[in-house]
Every structure is written in structure tokens, then in C-alpha cells.
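Asks:
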Amino acid sequence: MLTSKAKLLFQKKVLNWYKKNKRDLPWRKTRNPYTVLVSEIMLQQTQVDRVIGYYLKFIDRFPDTLTLSRARKRTLLSYWSGLGYNNRALNLQKLAQIVCKENNGIIPRNEQSLLKLPGIGPYTAHAVLAFAFNKPVPVLDTNIRRVLIYEFSLDEKTPLEELKALALDCIPEKKSRIWHNALMDYGSMVVTARKTGIAPLSKQGTFEGSDRWVRGNLVKLLLKSKRISVNSLTTQFDENQLRHVINKMLKEKLFILKNEYLSLS
DNA sequence: GTCCCGTCTC
DNA sequence: GAGACGGGAC
Numbered sequence: 336m337l338t339s340k341a342k343l344l345f346q347k348k349v350l351n352w353y354k355k356n357k358r359d360l361p362w363r364k365t366r367n368p369y370t371v372l373v374s375e376i377m378l379q380q381t382q383v384d385r386v387i388g389y390y391l392k393f394i395d396r397f398p399d400t401l402t403l404s405r406a407r408k409r410t411l412l413s414y415w416s417g418l419g420y421n422n423r424a425l426n427l428q429k430l431a432q433i434v435c436k437e438n439n440g441i442i443p444r445n446e447q448s449l450l451k452l453p454g455i456g457p458y459t460a461h462a463v464l465a466f467a468f469n470k471p472v473p474v475l476d477t478n479i480r481r482v483l484i485y486e487f488s489l490d491e492k493t494p495l496e497e498l499k500a501l502a503l504d505c506i507p508e509k510k511s512r513i514w515h516n517a518l519m520d521y522g523s524m525v526v527t528a529r530k531t532g533i534a535p536l537s538k539q540g541t542f543e544g545s546d547r548w549v550r551g552n553l554v555k556l557l558l559k560s561k562r563i564s565v566n567s568l569t570t571q572f573d574e575n576q577l578r579h580v581i582n583k584m585l586k587e588k589l590f591i592l593k594n595e596y597l598s599l600s
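Listed below in C-alpha cells is the structure:
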């Protein structure tokens, strides 16, 4: 599918660029599967610059799966609120509780086991395998997808499975970790979305006033005060939207409702 | 308004 | 397969 010459050229181009331009990111200093996993969960749909501070504080407070598994939800969310997608934090704790119970607190090192854990999908499973264990698996995020499409002049509609096969083919022998770091940086700094015009797979609407905006604000308010009456919230939010959002968050067990008072569960 | 080292639910 | 899910930076 790719001549070995084209492959070598591509590898050399990216790796040479990386040698001179690589970003010094805290999670690249570790090979601890747990901290690698924490960084990857935080990085899901979230820009690097915003993750750095959260990551450092988080692993300082929750340095291993056992500490995380025992944390109170209030404490946990206080270390996540502001990052976005608070459910990622809850799933990460669930994951910690599962591996503590079933695997001695150890993050598994094979794809099937990783995929069974909450919050880990195809991307994150491969990211852990590559960054923690240096395994030669394709790590296909939005950056690397864009790099492949651009460098090999592929159709934007190329199926992910096809891109994965190509990505796998491109990994230099025994250099999965450094190669994927290089591709990430190359993609986010050189072959940017703006420059190439290659659209990402996920889209999102306006944030201000949206359900997600209400959700984020509710979590912040509940971290400040232990209990909040639903009634007092209707002055800040549209009541119908508020009820709708609260119902969904109750289902997700983000917090509980008792006598019209909300509190973190 | 658009994007970001995606995943889960329905 | 579509929609939901945070929040700041550009």
C-alpha cells in the first residue's frame, strides 16, 4: 500500500522535524501506565495547553490507582472542574476501582482488557499501549489523521480502518512511542487544521447558554457549597432547561436530589 | 464561530 | 449512525 521508499522518507521528515521542535510535555517524562492514562483521558478533545496544569495537580494529588479509587467525588471533581467533560473524571475513578479490585491496581497492557474499562475507547487504548509500553499500534487522533490525509493526499472521507492500516505501516521499528509523539507535534504545529482545511470528525455548537454550559456551572456551584436548592438556581438559569439538565445529571449520578436540594453524591 | 491527542448513550 | 458532552483559545 506504501512503497518502502515513501515510508522511509515520511518517517525521516517527521522525526527530523521532531528532533528540533518537540514540545516538552510533562506526560512525556513518564512511562507509568497510570499517569500516561490520566494524561490521555484529559487530552480527549482537550487542547494540550489546558491540560498541563490540571495533569500536574491531578497526579500530585492522586499519584496511583489506589489513591484515586478511594477519593471522594467532591475532591475528585474539584481537580477536574474547568477541564470539561466531568464524566471523564467519574469514569477514570470507576476504572481505578475496577483495576484495584480485579488487577492489583495495575493498568492492563493489552487492548482487549483496556477496551473493557470505562472511558477507554479505541484511541485511548492504543495511546496507552504506545506511550506507556512502546507497542507498535496505530494511535489515530485528529492530528495524526490529518497528517496522514495531507501527506498522502487522501480523501477526507477515507474510512478510519483504512487510515489505521496505513498508520500501522508507517510506525518505525521499535519506535512507536517517539514516533507518535512526533506525529502529534507535527500535526498540531505544522500540518494544522487551519492550514490544510481538513475538517475534524467531531463538531460542536455554541457553548454559552447551552446545556453543557449549565452543567459545567452546576458542578462549579456544587463544589462551592454543599447543598443548593433547585429553586435558588431558577434565578440564574432557564427553569425548563435547568430541570432537563438536572434530570440527565441525576441519571449519570453526577449528583443527587433530595427534597429539592442538590448535592454531590 | 471553530477547534481540540474521543467516548458513551440512545 | 447521530447527539451529547466543557471550556478556553484562536
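Every number in my numbering is 335 more than the matching position in the first sequence, counting from 1. Glycine residues also receive a C-beta, built at the ideal position from the N, C-alpha and C atoms.
(1) When you compare the region 441 to 459 with the region 411 to 419, are there three or more beta-carbon pairs, one atom per stretch, that lie closer than 8 Å?
(2) Determine, using beta-carbon pairs with one atom in the region 520 to 529 and one in the region 361 to 381, whether at least three such pairs fall under 8 Å.
(3) Name the residue from I533, I455 and N516 whose alpha carbon lies nearest to the alpha carbon of E486.
(4) What residues in its chain sit with their C-beta under 6 Å from that of T400, if we drop five residues either side in the sequence?
(5) Mapping the DSSP letters down to three states, classify Y390 as helix, strand or coil.
(6) Quick check: the Cα distance between N445 and K499, rounded to an integer number of angstroms?
(7) Does the distance from the C-beta atom of L597 to that of N421 stay below 8 Å?
(8) Look at the alpha carbon of L501 and the alpha carbon of V482, and state the distance between them as a whole number of angstroms.
(9) Can you give the Cα-Cα distance for K408 and Q382, rounded to whole angstroms?
(10) Going by CA-CA distance only, name the one from V349, F393, L503 and T477 that's closest to S537.
(11) Here's the rule: buried if 16 or more other CB atoms are within 10 angstroms of the residue's CB, otherwise exposed. What is N516?
(12) Please determine if the region 508 to 515 and the region 455 to 466 are in contact, where contact requires at least 3 C-beta pairs separated by less than 8 Å.
(13) When you compare only the Cα positions, how much space is there between A341 and K355?
(14) In whole angstroms, what separates the C-alpha of W288 from that of E375?
(15) Less than 8 Å between C-beta atoms, sequence neighbours within five positions excluded: which residues of the same chain meet that for F393?
(16) Give the range of the alpha helix (DSSP H) segment to which F345 is assigned.
(17) Are the Cβ atoms of I479 and L425 separated by less than 8 Å?
(18) So, is P494 buried or exposed, given that buried needs 16 or more other C-beta atoms within 10 angstroms?
(19) Sort G540, L503 and S567 by Cα distance to L337 and report the nearest one.
(20) Assign S564 to one of three DSSP states: helix, strand, or coil.
(21) Just to confirm, is the Cβ distance from R423 to G388 under 8 Å?
(22) Pick helix, strand or coil for F590, following the three-state DSSP scheme.
(23) Enumerated in chain order, which unbroken segments of the alpha helix (DSSP H) with a length of 4 residues or greater are wholly contained in the region 371 to 420?
(24) Between the beta-carbon of Q576 and the beta-carbon of D546, is there less than 8 Å?
Replies: Straight from the coordinates:
(1) no
(2) no
(3) I533
(4) Y369, A431, V434, C435 and G440
(5) helix
(6) 18 Å
(7) no
(8) 12 Å
(9) 24 Å
(10) T477
(11) buried
(12) yes
(13) 22 Å
(14) With the chain covering only 336 through 600, there is no way to say anything about residue 288.
(15) V373, M377, Y414 and W415
(16) S339 to N356
(17) no
(18) exposed
(19) L503
(20) strand
(21) no
(22) strand
(23) 383 to 396, 400 to 405 and 408 to 413
(24) yes
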